[in-house]
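Student: Residue numbers (my numbering): 3 to 340.
Backbone N, C-alpha and C fix where the C-beta goes; we use that ideal spot for every residue, glycine too.
Owing to the predicted nature of the structure, the values given are computational and were not obtained by experimental measurement.
Structure incoming, see below.
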Ligand code: MRU
């Protein structure tokens, strides 16, 4: 699956809000269309958001009517600001846009440099995913029962995946495994997207509501928890979809190893710990309504953080394209990114 690509001057992406009922592609020819698609989670998942940001700047550069380098850079900077405001937690968005902007600033042909750099980031993401899948698949044993959360599969990346990419690779290699996918309230990325990907890959998958995690850890022989990440701090604290922290605490209680999988582009050198990571809060409507039906009284308050922080002390290892980073994570992250 190709969740997002740049072709013929437009960004083509799967509208992930329609899955699993409908597989429909939409096209964005300008930055505003792409920014709205990001805000509405038509495209989502940290590495895919990085690609969206990079492609968005490429669109701005290609669409710029300015004749001077300074003018093109002004258009790029405006696009950067608009896209950066869309979603604050996944560092990949800013990381990729920083790369594209830096390439444009140091070139005599900023538009071409922006496009080339965006396409380079895309190719690199494919390679990182493939390497990460292979590294992670070695951790998966025959008979493993893996609990995962949200979606960190093909749909969250250039098309291979991190946490669920590992699961698919281990399965392809012949390991007999099964998966519990937490539904991931309120937007159901686990039920809609991860289950969709597992079914397509032939991996046995059982969807549970998020509140069943303790039950399945205790009664259904879960041997590993494996999730993706939206941003990793230098001390090893991990931001991931809301509910991840609770899973890590439960996993510790049940002596189940808790693994995170993410490319090194998800490590934020500017975040020394989880408290430096901005958490996105989303609209109350996502919780107030279910299938367009009101399920919360109007008068009640609603809290809707989209991510939480799992402290490094709960994590057995972080799978990257360069290898598995083991505790103490602050030291292994430093060794990995230099
Ligand atoms: O809000 P989303 O769907 O963009 O959040 C994505 C996640 O949090 C995923 O769990 C994932 O691990 C990060 S993307 C590989």
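Can you tell me where the alpha helix (DSSP H) with residue 285 in it begins and where it stops?
Tutor: What you label residue 285 is simply residue 283 of the chain shown in a count that begins at 1. Neither: residue 285 is in no alpha helix (DSSP H) and is coded neither H nor E.
Student: Check whether the Cβ of residue 232 lies closer than 6 Å to any heavy atom of the ligand MRU, and answer yes or no.
Tutor: For the purposes of this step, residue 232 is taken as the residue at position 230 of the chain shown. Checking the Cβ of residue 232 against the ligand MRU gives yes.
Student: Pairing CB atoms from the segment 97 to 104 with CB atoms from the segment 115 to 129, are three or more of them under 8 Å?
Tutor: At 8 Å Cβ cutoff, the stretches touch.
Student: Hey, how far is the Cα of residue 85 from the Cα of residue 56?
Tutor: If you number the chain shown from 1, residue 85 lands on position 83. If you number the chain shown from 1, residue 56 lands on position 54. About 10 Å.
Student: What are the boundary residues of the alpha helix (DSSP H) that residue 131 is part of?
Tutor: The residue given as residue 131 occupies position 129 in the chain shown. Run containing residue 131: 112 to 139, per the alpha helix (DSSP H) assignment.
Student: Just to check my reading of the structure: residue 49 and residue 159 have Cβ atoms closer than 8 Å, yes? What is that Cβ distance to the nearest angstrom?
Tutor: Counting from one through the chain shown, the residue named residue 49 turns up at place 47. Counting from one through the chain shown, the residue named residue 159 turns up at place 157. Confirmed, about 4 Å.
Student: Within 10 angstroms of its Cβ, does residue 307 collect 16 or more other Cβ (buried), or is it exposed?
Tutor: In the chain shown, the residue the question calls residue 307 occupies position 305. So residue 307 counts as exposed.
Student: Considering only residues of the segment 36 to 105, which uninterrupted alpha helix (DSSP H) runs meet the minimum length of 4 residues and lie entirely inside it, listed in chain order?
Tutor: The qualifying runs are 48 to 65 and 71 to 86.
Student: Check whether the segment 252 to 268 and the segment 228 to 238 touch, using three or more Cβ-Cβ pairs below 8 Å as the test.
Tutor: Enough Cβ pairs lie closer than 8 Å, so yes.
Student: Need the endpoints of the beta strand (DSSP E) that residue 242 sits in, please.
Tutor: On the chain shown, residue 242 is found 240 positions in, with the first residue counted as 1. Per DSSP, residue 242 belongs to the beta strand (DSSP E) from 240 to 243.
Student: Taking the Cβ atom as the reference point for each residue, do residue 194 and residue 331 lie within a distance shorter than 7 Å?
Tutor: By 1-based counting over the chain shown, the position of residue 194 is 192. By 1-based counting over the chain shown, the position of residue 331 is 329. It is not a contact, given that the beta carbons lie outside the stated cut-off.
Student: Leaving aside the five residues before and after residue 342 along the sequence, list all residues of the same chain whose C-beta is less than 6 Å from its C-beta, in chain order.
Tutor: With the chain running from 3 to 340 in the structure shown, residue 342 is simply not present.
Student: Where do the N-terminal and C-terminal ends of the alpha helix (DSSP H) with residue 338 fall, by residue?
Tutor: Along the chain shown, read from residue 1 onward, the residue named residue 338 stands at position 336. Start and end: 331 to 339.
Student: Verify the contact flag: residue 154, CB atom, against every heavy atom of the ligand COA, threshold strictly below 6 Å.
Tutor: Summarising the ligand content, the structure contains the ligand MRU and does not contain the ligand COA.
Student: Rank 135, 239 and 283 by C-alpha distance to the C-alpha of residue 269 and give the top, closest one.
Tutor: Here residue 269 corresponds to residue number 267 of the chain shown, with the count starting at 1. That would be 239, whose Cα lies nearest to the Cα of residue 269.
Student: Once the 5 residues before and after residue 79 are set aside, which same chain residues still bring their CB inside 8 Å of it?
Tutor: In the chain shown, counting from the first residue as 1, residue 79 sits at position 77. Excluding residues within five positions, the ones whose Cβ falls inside 8 Å are 103.
Student: List the whole-angstrom C-beta distance separating residue 215 from residue 149, where the pair is believed to meet the contact cut-off of C-beta under 8 Å.
Tutor: Working through the chain shown from its first residue, we reach residue 215 at position 213. Working through the chain shown from its first residue, we reach residue 149 at position 147. Residue 215 to residue 149, Cβ: 7 Å. Contact.
Student: Report all residues from its chain with a CB closer than 6 Å to the CB of residue 71; omit the five preceding and five following residues, and keep chain order.
Tutor: Looking up residue 71 in the chain shown gives position 69. If we look at residue 71 and ignore the five residues flanking it on each side, its Cβ neighbours are 112.
Student: Under 7 Å between C-beta atoms, does residue 73 make it to chain C?
Tutor: In the structure shown, chain C cannot be found, because there is only a single protein chain.
Student: Quick check: the segment 284 to 303 against the segment 171 to 183, are there 3 or more CB pairs under 8 Å?
Tutor: No, the segment 284 to 303 is not in contact with the segment 171 to 183.
Student: Kindly indicate which three-state DSSP category residue 9 falls into: helix, strand or coil?
Tutor: Residue 9 sits at position 7 when you count from the first residue of the chain shown. Strand at residue 9.
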